[in-house]
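Protein chains in written order, with the working numbering: chain Z, 37 to 278; chain U, 37 to 278; chain B, 21 to 235; chain A, 21 to 235.
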C-alpha cells in the first residue's frame with residue numbers, strides 16, 4: 037500500500053468529479069490544504085459543494101475556487117472575509133448553508149464516527165432550528181442535527197509518516213482531524229514526511245487508516261490573515277522602544 | 037487555584053456521598069485509578085453506581101469495592117473476570133446495566149460534550165434496543181442512546197502538569213479521557229507531575245479545565261491481567277531457546 | 021459621563037473569578053483580558069482550538085499556525101493546550117467554560133440574544149456564537165446601550181436570534197443589568213455608570229426591568 | 021477430516037487484502053495473524069485503543085500499559101497509533117475497519133449473529149462485539165460447525181442477538197458460507213473442507229443454503 041503521491045495533482049488524480057462534496061480543513065487561512073486546493077482549481081472540476089468553516093479570502097485558499105467559479109454551495113459557519121463570496125451570493129450564483137461552528141464540527145465528527153444524528157442545544161429556538169426536529173431532554177430544548185460525510189476530504193497536517201499517521205501543529209489542527217475521518221477518501225498534504233516509527237504513537241492525532249493518500253509539501257507558504265503585534269518595550273534603562 | 041492534593045484521601049475529601057454515580061477509567065486493569073479506588077474503599081461511601089468498562093478482578097481495582105460491598109450498580113460492557121461479581125449478582129445484591137463498549141464510550145463522550153442523545157447502529161434489532169427509540173436513517177435502523185454524566189470521575193494519567201493538563205501512555209488511555217470530560221468533578225491520579233509548560237501543548241490529551249483535582253502517585257504498581265509472552269528464539273548458531 | 025469602552029471592559033472583568041476558563045468575543049470583550057486582576061488565574065479559550073493564550077506576539081515572532089478565533093496572531097503560554105474544533109466545541113457545548121463575554125445587537129428582557137444577522141443585509145455567518153451562548157455557564161453581553169437612538173434592550177428581539185433565553189448579564193455604557201433567564205424573574209438594573217441616571221436609562225430602554233434596591 | 025482450528029484461521033486469512041485494517045476476536049480469530057501473507061500490509065486494530073500491534077512480548081519486556089482487547093500483553097510496531105476508547109469505536113462504528121473476524125454461538129441464514137449471552141447463565145457482557153458487527157465493513161465468523169451435535173447455523177438464532185443481519189461469511193471446520201445480508205439472497209455454501217461432504221454439512225446445518233456451482 038503506497039500512500040505517498042509525488043505531487044498534489046497526482047494525489048487527487050481519479051478522485052474528482054463535477055457536483056461532488058468536498059470537505060476542506062482549516063480555520064481562516066490557518067491549517068488550510070492550500071496546495072490541494074490549487075490542484076482542484078487546476079483540475080477544472082465544477083459545481084462543488086464545499087464544507088469548510090470559512091471560504092478563504094479573496095484570492096487565497098478556497099477564495100481561489102470562488103474566483104474560478106467551481107463552487108456551487110458552501111456549508112460554513114462564517115464567510116465574512118471574502119468579497120467575491122458576497123458578490124456571487126448576491127448574484128444568486130452561490131448557495132450557502134450556515135451551520136453554527138460547533139454544530140458543523142460535531143456533524144463532521146459524527147459523520148466519521150457512524151452517528152447519523154445527534155441532539156444539541158445550539159440553535160434551539162432560533163432560525164437554525166427551523167425544519168429540524170426539536171425535542172426536550174431533562175427540561176431543556178435541543179435540535180437534532182445530522183452527521184455529515186463527504187466524497188472527499190482534503191486536510192493539511194504538519195507531519196506524517198508514510199503510513200498516513202498525522203500530527204498537526206498548534207491551532208492549525210482545527211477542523212482537519214474530524215474531516216480526515218469523514219471523507220469517503222481523505223487526501224492529506226503534509227509539511228514534514230517521516231518514516232513509520234518516527235512519530236511517537238501517543239502523539240498521533242489522526243491514525244493512518246483515515247488517510248488514503250498523502251503528498252509532501254515541504255515549501256508550503258503559510259498565510260496570516262490578521263497580523264496583530266505588540267510593541268517591544270525597551271530593555272530597562274534604555275528608554276527606547278524597539 | 038491549587039489543583040494538587042497531597043494524597044488520594046485528600047483529593048477525594050468532600051466529594052463522596054452515598055448513592056452517587058462515579059465513573060472510573062481503565063480497561064481491564066490497564067490505566068485504572070487504583071489509588072483513588074483504594075481511597076474510596078477507605079472512605080466507606082456506599083450504594084455507588086459505578087460506570088466502568090469492567091469491574092476489575094477479584095481483589096484488584098474495582099474488585100476491591102465489590103469485596104467491601106460499596107457498589108450497588110455497575111454500568112459496564114464486560115465483567116467476566118470477576119467471581120465476586122458473579123456471586124453478588126446471582127444473590128441479587130448487585131445490579132448490572134450492560135452497554136456495548138462503543139456505546140458506553142460514546143455515551144460518556146456525549147455527556148461531556150453536551151449531547152443529550154445520539155443515534156447508533158450498534159445493538160439495533162437486539163435486546164439492547166428494547167425500550168429505546170429506534171429510527172431509520174437512509175435505510176438503516178439506529179438506536180437512540182443517551183449521554184452520561186457522573187457526579188465524580190476518577191482517572192489515571194501518565195503525566196500531568198499542575199494546571200491539570202493530562203497525557204496518557206499507550207493503551208492505558210482507553211476510557212480515561214472521555215470520563216475526565218463527563219464528571220461534574222474530575223480527580224486524576226498521575227504517575228509523573230510536571231510544572232506548566234513542561235508538556236508540549238500539542239501532546240496534551242485532556243486540557244486542564246476538565247481536571248479539578250490532581251494527586252501524584254509516583255510509586256503506583258501496575259497490574260497485568262494476562263501475561264502473554266513469546267519465547268526468545270536463540271541467537272543464530274547457538275541452538276538454544278532462552 | 022457614562023462608561024468608555026475600556027471602562028465597560030473593566031466592569032466586565034469584575035465577573036471573573038480565580039480559576040475561571042473564559043471565552044472572549046471580538047471587540048470590547050477582547051479588552052477584558054487587560055483587566056484580569058494580578059494573581060488571579062484566568063485561562064482564555066479560543067474556539068478554534070486553544071486553551072490558555074497570551075498577548076499578541078512581538079514583530080517577527082508571529083506564527084501562522086497560532087491564531088485566535090478572530091484570526092489574529094497570538095502567543096502560547098505555559099498553560100496552553102491545543103485541540104480540534106470538535107473537541108473545542110465539546111468543551112463549550114458541554115458547559116465546561118465558565119464565562120463567555122460577547123457583543124450584541126439586541127438583548128430581550130427574557131435573555132434572548134441577537135447578534136448574527138440583519139435580514140436584507142449580506143449575512144456573514146454566526147461562527148461560534150450560537151454554540152457559546154447555548155453552552156457556556158454564564159453569558160455576559162457588553163454593548164452600547166442604544167444604537168443611533170434605537171434601543172437595544174428590548175421586550176422582544178426583532179432580529180433573528182443567536183440564542184433564546186441565554187443572557188445572564190448585560191453591561192452597557194450606562195449600567196449593568198442581570199437577567200434571570202431560567203427563573204423567569206426578568207431583568208434587573210443593578211448598577212449605574214457614573215453620570216448615568218435612572219431617567220436616562222428609562223428613556224433609552226424598551227425592555228421592562230426591575231431596579232435593584234441599592235439604586 | 022475437516023479443518024483444524026489452525027486451518028480455519030488459515031482459511032480466514034484468505035479474506036485479508038493488502039492495506040486492510042482488521043479487528044480479530046478472541047480464540048481462533050487471533051490465530052489469523054499467523055497467516056498474514058508476507059509482503060501484505062495488514063494492520064490489526066485493538067478496540068481498547070490501538071491500531072497496529074505486534075506479537076506477544078519477550079519475557080521481561082511486557083508492559084502493563086500495553087495490552088490488547090483480550091487484556092493480553094502485546095507489542096508496539098512502527099505503524100502503531102494509540103487513541104481513546106471513544107475514538108476507537110468511532111473508527112469501528114464509522115465503517116473504517118475493513119474486516120472483523122470473530123467467533124459465534126449461532127449464525128442465522130439472514131446474517132443474524134448470537135455470541136454474547138445464554139439466558140439463565142451468568143452474563144459476562146458483550147464487550148465490543150455489538151459495535152464491531154454493526155460497524156465493520158465485512159464480518160467473518162469462524163466457528164465449529166456444530167456444538168455437541170446441536171447445529172449452530174440456523175434458520176433463526178434462538179439466543180439473544182449480538183447483531184441483526186450482520187454476518188457476511190461463516191468459516192466452520194466443514195466449509196465456508198457466504199451470506200447476502202443486505203440483498204436478502206440468503207446463505208450459500210462456497211467451499212468444502214477436505215474430507216467434508218455435502219451430506220455431512222446437510223445433516224449438521226439447520227439453516228437453508230444454496231450450494232455454489234463449483235461444488
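C-beta: ideal position from N, C-alpha, C; glycine also. If you're wondering where the values come from, they're calculated on a predicted model, not measured in any experiment.
Provide the residue span of the beta strand (DSSP E) that contains residue 60 of chain Z, from first to last.
57 to 60
Does any C-beta atom of chain U lie closer than 9 Å to the C-beta of residue 274 of chain Z?
Here the model assigns residue 274 of chain Z a pLDDT of 45, short of 50, so the residue's position is not dependable, and the following value carries that caveat. Output row for residue 274 of chain Z: interface = no.
Start and end of the alpha helix (DSSP H) containing residue 220 of chain B?
218 to 224
Using Cβ-Cβ distances below 7 Å, what residues of the segment 71 to 97 of chain A are close to chain Z?
71 and 96
Mark residue 186 of chain U as exposed unless 16 or more other C-beta atoms lie within 10 angstroms of its C-beta, in which case mark it buried.
buried
Chain Z contact residues for residue 228 of chain A, given Cβ-Cβ distances below 7 Å
Simply none; closest approach about 31 Å.
If we ignore side chains and look at the alpha-carbon of each, how far apart do residue 158 of chain Z and residue 84 of chain A end up?
42 Å
Which runs of the beta strand (DSSP E), 3 residues or longer, sit entirely within the segment 80 to 106 of chain A?
95 to 102
Which whole runs of the beta strand (DSSP E) in the segment 42 to 83 of chain Z are 3 residues long or more, in chain order?
57 to 60
Looking only at its chain, what residues have a beta carbon closer than 6 Å to the beta carbon of residue 33 of chain A, apart from the 5 residues adjacent to it on each side?
52 and 55
Residues within the segment 207 to 228 of chain U neighbouring chain A, beta-carbon criterion of under 8 Å
207, 208, 209, 210, 211, 212, 213 and 214
For residue 206 of chain B, name the three-state secondary structure that DSSP assigns.
strand
Please go through the segment 194 to 272 of chain Z and give each complete alpha helix (DSSP H) segment of 4 or more residues, from N-terminal end onward.
212 to 218
Might you give, ordered along the chain, the residues of its own chain that have their beta carbon closer than 6 Å to the beta carbon of residue 190 of chain A, omitting 5 neighbours on each side?
127, 161 and 197
In the DSSP output, what is residue 171 of chain B paired with across the bridge?
B:166
Under the three-state reduction of DSSP, which class applies to residue 74 of chain B: helix, strand or coil?
strand
Quick one: what does DSSP say residue 274 of chain Z is sitting in, helix, strand or coil?
Its pLDDT being 45, under 50, residue 274 of chain Z is placed unreliably in this model, and the coordinates cannot settle the point.
On a CA-only basis, which of A:124, A:81, A:132 and A:180 is nearest residue 166 of chain A? Give me that one, please.
A:124
For residue 126 of chain U, the three-state DSSP class (helix, strand or coil):
helix
Can you name the start and end residues of the beta strand (DSSP E) that residue 25 of chain A belongs to?
Run containing residue 25 of chain A: none in the beta strand (DSSP E); it sits in the alpha helix (DSSP H), 25 to 33.
Which chain A residues sit within Cβ distance under 8 Å of residue 238 of chain Z?
102
Of the residues U:59, U:174, U:72 and U:114, the one placed nearest residue 257 of chain U, counting alpha carbons only:
U:72
Contacts of residue 68 of chain B in chain Z (Cβ-Cβ under 7 Å):
63, 207 and 210
Answer yes or no: do residue 197 of chain U and residue 235 of chain U have a C-beta to C-beta separation smaller than 9 Å?
yes
Presumed contact (8 Å Cβ cut-off) between residue 136 of chain U and residue 146 of chain A, rounded CB distance
6 Å
My guess is that residue 64 of chain A and residue 134 of chain A are in contact by the Cβ rule of under 8 Å, so how many angstroms apart are they, rounded?
Contact doesn't hold; Cβ gap of about 25 Å is too wide.
Extent of the continuous alpha helix (DSSP H) run through residue 142 of chain Z
137 to 148
Shorter than 9 Å from the beta carbon of residue 156 of chain Z to some beta carbon of chain U?
yes
Touch check for the segment 84 to 93 of chain U and the segment 108 to 120 of chain U: three-plus C-beta pairs under 8 Å?
yes
Using a Cβ cut-off of 8 Å, which residues of the segment 173 to 191 of chain B contact any Cβ in chain Z, in chain order?
180, 181, 182, 183, 184 and 185
Validate contact between the segment 213 to 230 of chain A and the segment 138 to 154 of chain A using beta carbons, cut 8 Å, 3 pairs
no
Look at the Cβ atom of residue 230 of chain A, then the Cβ atom of residue 246 of chain Z, and state whether they are nearer than 9 Å.
no
Contact criterion: CB-CB distance below 9 Å. Does residue 63 of chain A meet it with respect to chain Z?
yes
Could you compute how far the alpha carbon of residue 265 of chain Z sits from the alpha carbon of residue 78 of chain B?
5 Å
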